[in-house]
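Student: The following block contains the structure, expressed as structure tokens.
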Amino acid sequence: MDLPPPGISRIRNFSIIAHIDHGKSTLSDRILEVTGAVQSRDMRAQYLDSMDLERERGITIKAQNVRVEWKGHVFHLIDTPGHVDFGYEVSRSLAACEGVVLVVDAAQGIEAQTLANCYLALENDLEIVACLNKIDLPAADPDRYAMEIETILGIPAEDILRISAKTGEGVPELLDAIAERIPAPVGSADDPLRALIFDSQFDQYRGVVSSIRVVDGTLEAGSRLQFMQAQATHEAIEIGIRRPAATPVDRLGPGEVGYLIAGIKDVGDARSGETVTTAPRGATSPLEGYRDPKPMVFSGLFPIDGDDFEDLRDSLAKLKLNDASVTYTPESSGALGFGFRCGFLGLLHMEIVKERLEREFGLALIATAPSVEYRVTRTDGHVEVIDNPSDLPPAQQVDGIEEPVFKVSIITPTAYTGALMELCQSRRGEMKRMEYLSPERVELNYEIPLAEVVVDFFDQLKSRSQGYASLDYELAGYQLSNLVRVDLLLNGQPADAFSTIVHRDNAESYGRRMCEKLRELIPRQMFDVPIQAAIGGKVIARETVKAKRKDVLAKCYGGDITRKRKLLEKQKEGKKKMKAIGRVEVPGDVFISALKLDD
15 MDLPPPGISR IRNFSIIAHI DHGKSTLSDR ILEVTGAVQS RDMRAQYLDS MDLERERGIT
75 IKAQNVRVEW KGHVFHLIDT PGHVDFGYEV SRSLAACEGV VLVVDAAQGI EAQTLANCYL
135 ALENDLEIVA CLNKIDLPAA DPDRYAMEIE TILGIPAEDI LRISAKTGEG VPELLDAIAE
195 RIPAPVGSAD DPLRALIFDS QFDQYRGVVS SIRVVDGTLE AGSRLQFMQA QATHEAIEIG
255 IRRPAATPVD RLGPGEVGYL IAGIKDVGDA RSGETVTTAP RGATSPLEGY RDPKPMVFSG
315 LFPIDGDDFE DLRDSLAKLK LNDASVTYTP ESSGALGFGF RCGFLGLLHM EIVKERLERE
375 FGLALIATAP SVEYRVTRTD GHVEVIDNPS DLPPAQQVDG IEEPVFKVSI ITPTAYTGAL
435 MELCQSRRGE MKRMEYLSPE RVELNYEIPL AEVVVDFFDQ LKSRSQGYAS LDYELAGYQL
495 SNLVRVDLLL NGQPADAFST IVHRDNAESY GRRMCEKLRE LIPRQMFDVP IQAAIGGKVI
555 ARETVKAKRK DVLAKCYGGD ITRKRKLLEK QKEGKKKMKA IGRVEVPGDV FISALKLDD
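Heads up, the sequence shown is in the working numbering, so the first residue is 15 and it goes up one at a time.
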């Protein structure tokens, strides 16, 4: 089906950005309904969230795009995630837009991610259309929060629209404002083709399906295309638009957003940020892609069944196409066999990636304890970067260890200030600034070591503030710290999956906690199993899993005591011998339970 390309002046490309749970996906649903892109009988909540995981958790993980029409204009809408771990998805989407719709909850006001995403839009010189959502809630106070937006972001209060994405109130006026305020894309159909890939996914029947924004020139079906970074040439088998169903078209002109299928089987050829041009007589300079995201959290992923290693490698390659922020390198572990050391943007991201690998590719995986990237200065002056605790050189060869530090911004109602300051202090945080946004809301700025934020900081923040505080963070560099590696020994053998780097002050409590946890989890063997936590050669905590007992005296009824003693001595000898040659059998689920992040 061929649709006539719209005139470039009638096109509007925009993203919806907001803090998590402020109503982005619901607003996308209403826009699809109001513009008639989806019939009301086909409508379902979170229409653009196609992953089961997104629907279950009620969050957006992947940015999605769709084309709708409104009063003679063509809108390309890109719905983005709100969670801080997926800020990278937002930055990719903004590269394909000229404007954003900033959604703020009329009952909660500006949150940390609202500010972060808004600054991201300003960095990209995008027009911002602000709106207050959820005005149908009894707790909504749009006038007060409109003034707050004006004070903090400088957007005039009278320009802020009032909408309810749930009921649809104010959505037509918002669409009119988008047509009026967001500029049309610039680009010439006569120039050589330049198009930006801002997302890709792998379809096992058709190869790579890329989301693409044409900047200059015209993309035509059947033409030969050059992928400039990958230095690869492919033929455009099908191009099309999503409305929301994929609809093939013959060509996409400047400013249009659609999808491209070029029969690409090698996932490295169509990475996000890639520039596509025509093969002969193409553009000479690529478009500005986006910075590769830097992983913050590292964890080992190991298949429970060692035979799945190759499947895990292929699955990670396909997943990386859809989520370019995952990094992975092969590693091996004495306890867990062969697997990959993976880098993630945060803990939620790590959880989602592991769950996607298990669901979409049918793998059963164990993840090791999350760690961060340290800079180790050896005594000979050589500096190396390590992200795996087992790579840390012996203490006598280490001159100093630097750890990454986060700049953390927390926005909270004033009632919870004390509890949150205590939380930050307990995580070795250093206060930098405290600022009252209004008499009821305060912004706290701290510098906290990333290793302290990584495990359950977000959960603690939410529980201590009854869910009202919001968090945003960014890397602030490295600082020297007194860090040590704590190893766990089972029957004298180090279990590398449990090694971790902690601050010396917390080492003993961490070691004791892990020993107690493992004592409960490791099944009893035929001999006593000592579980020890050690720093180098010094043991700092110990627990023992007692041996199974067989009553060898059951057959002794009466008789001499020496006979009983002889049997007990014989049993003792057997256990001693078994302990010397025996290996501690640790079932896979023990690793999973011990490495659970709930502590």
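No residue lacks a Cβ here, since even glycine has one placed at the ideal position from N, Cα and C.
1) Could you check if Gly-86 is buried or exposed, using at least 16 other CB atoms within 10 Å of its CB as the buried criterion?
2) Select from Gly-168, Ile-177, Ala-547, Tyr-492 the residue whose C-alpha is nearest the C-alpha of Ser-42.
3) So, Asp-473 versus Ser-404, is the Cβ gap smaller than 7 Å?
4) Would you call the region 378–388 and the region 316–326 in contact, with 3 or more CB pairs under 8 Å?
5) Pull up the DSSP beta-bridge partners for Gly-414, would you.
6) With three or more beta-carbon pairs closer than 8 Å as the criterion, would you say the region 226–234 touches the region 201–216?
7) Since Lys-552 is in the beta strand (DSSP E), which residue starts that stretch and which ends it?
8) Kindly indicate which three-state DSSP category Ile-30 falls into: helix, strand or coil?
9) Given a cut-off of 7 Å, decide if Gly-201 and Lys-279 are closer than it, judged by their beta-carbon atoms.
10) Hey, Val-422 and Tyr-492 are a contact pair by Cβ (cut 8 Å); roughly how many whole angstroms apart?
11) Between the Cα of Thr-232 and the Cα atoms of Arg-265, Leu-146, Val-290, Ala-259, which residue gives the shortest distance?
12) Looking at the unbroken beta strand (DSSP E) that takes in His-517, where does it start and where does it end?
13) Can you list, in chain order, the residues of its chain with a C-beta nearer than 6 Å to that of Arg-44? Leave out the 5 residues immediately preceding and following it.
14) For Phe-241, which residues does DSSP report across the bridge?
15) Quick one: which unbroken alpha helix (DSSP H) runs of 4-plus residues sit fully inside the region 441–510? Chain order, please.
16) Does the separation of the CB atoms of Asn-138 and Leu-108 fall below 7 Å?
17) Just the C-alpha distance for Glu-270 and Ala-429, rounded to the nearest angstrom, thanks.
18) Here's the rule: buried if 16 or more other CB atoms are within 10 angstroms of the residue's CB, otherwise exposed. What is His-396?
19) Using the Cα positions of Leu-485 and Ser-452, report the straight-line distance between them to the nearest angstrom.
20) Pick out whichever of Leu-46, Ile-425, Glu-249, Gln-245 has its Cα sitting closest to the Cα of Gly-236.
21) If you draw a straight line from the C-alpha of Ser-39 to the C-alpha of Met-242, how long is it?
22) For the region 537–554 against the region 516–529, are there 3 or more C-beta pairs whose distance is under 8 Å?
23) Suppose only complete runs of 3+ residues qualify. What are the beta strand (DSSP E) ranges in the region 95–172, listed by chain order?
24) Have a look at Lys-11 and Asn-402 and give me their C-alpha separation to the nearest angstrom.
25) Given that a residue counts as buried once 16 or more other Cβ atoms are within 10 Å of its Cβ, and exposed if not, what is Glu-162?
26) On the CB-based measure, 16 or more other CB atoms within 10 Å of its CB, does Arg-448 come out buried or exposed?
27) Buried or exposed for Thr-576, going by 16 or more other Cβ atoms inside 10 Å?
28) Please identify the residue among Leu-475, Thr-247, Asp-413, Pro-268 whose C-alpha is closest to the C-alpha of Ile-275.
29) Can you round the beta-carbon distance between Gly-267 and Gly-254 to whole angstroms, since I take them to be within the 8 Å contact cut?
30) According to the neighbour-count rule (16 or more other Cβ atoms, all chains shown, within 10 Å of its Cβ), is Ser-339 buried or exposed?
31) Work out the CA separation of Glu-288 and Asp-119 for me, nearest whole Å.
32) Going by DSSP, what residues sit across from Phe-216 in a beta bridge?
33) Would you call the region 386–393 and the region 432–441 touching, i.e. three or more CB-CB distances under 8 Å?
34) Please report the straight-line C-alpha distance between Asp-205 and Pro-199, rounded to a whole angstrom.
35) Grab the span of the alpha helix (DSSP H) containing Ile-400 for me, first residue to last.
36) Using C-beta distances below 7 Å, list every residue in its chain close to Ala-110, excluding the 5 sequence neighbours before and after it, in chain order.
Tutor: Looking at the atomic coordinates:
1) By the 10 Å Cβ count, Gly-86 comes out exposed.
2) Out of Gly-168, Ile-177, Ala-547, Tyr-492, Ile-177 has the C-alpha closest to the C-alpha of Ser-42.
3) No, the Cβ-Cβ distance between Asp-473 and Ser-404 is not below 7 Å.
4) They touch, by the three-pair rule.
5) DSSP, once it has assigned bridges, lists Thr-391 as partnering Gly-414.
6) The region 226–234 vs the region 201–216: in contact.
7) Element bounds for Lys-552: 552–559.
8) Correct three-state label for Ile-30: strand.
9) For Lys-279 and Gly-201, no; Cβs fall outside 7 Å.
10) With a Cβ gap of about 16 Å, Val-422 and Tyr-492 do not count as contacting.
11) Comparing Cα-Cα distances from Thr-232 to each of Arg-265, Leu-146, Val-290, Ala-259, the minimum goes to Arg-265.
12) Here the beta strand (DSSP E) through His-517 covers 514–517.
13) Excluding residues within five positions, the ones whose Cβ falls inside 6 Å are Ala-179, Gly-182, Val-185.
14) In DSSP, Phe-241 forms a bridge with Ala-246, Val-290.
15) Listed in chain order, the complete alpha helix (DSSP H) runs (minimum 4 residues) inside the region 441–510 are 464–468, 471–478.
16) Yes; because the gap between Cβ atoms is below 7 Å, this pair is in contact.
17) Rounded to whole angstroms, Glu-270 and Ala-429 show a C-alpha spacing of 48 Å.
18) The residue in question, His-396, is exposed, as its Cβ has fewer than 16 Cβ neighbours within 10 Å.
19) Cα to Cα, Leu-485 sits roughly 18 Å from Ser-452.
20) Checking every option, the nearest Cα to that of Gly-236 belongs to Glu-249.
21) Approximately 34 Å, taken between the alpha carbons.
22) Result yes; three or more Cβ-Cβ pairs closer than 8 Å.
23) List check, beta strand (DSSP E) in window: 113–119, 141–147.
24) Nothing in the structure corresponds to residue 11, since the chain is present only between 15 and 613.
25) Counting Cβ neighbours within 10 Å, Glu-162 comes out buried, since at least 16 surround it.
26) As written in the sequence, residue 448 is Met, which differs from the Arg given in the question. Exposed.
27) Label assigned to Thr-576: exposed.
28) Here the closest residue by C-alpha is Thr-247.
29) Rounded, the Cβ-Cβ distance is 14 Å, inconsistent with contact.
30) By the neighbour-count rule (16 or more Cβ atoms within 10 Å), Ser-339 is buried.
31) One alpha carbon belongs to Asp-119, the other to Glu-288, and they sit about 35 Å apart.
32) Val-222, per the DSSP bridge assignment.
33) The region 386–393 vs the region 432–441: no contact.
34) Put simply, the backbone Cα of Asp-205 is about 15 Å away from that of Pro-199.
35) Counting along the chain, Ile-400 falls outside any alpha helix (DSSP H), though it belongs to the beta strand (DSSP E) covering 397–400.
36) When the five nearest sequence neighbours on each side are left out, the beta carbons in the same chain lying within less than 7 Å of the beta carbon of Ala-110 are those of Asn-27, Ile-92, Leu-210, Phe-212, Arg-227, Val-271, in order along the chain.
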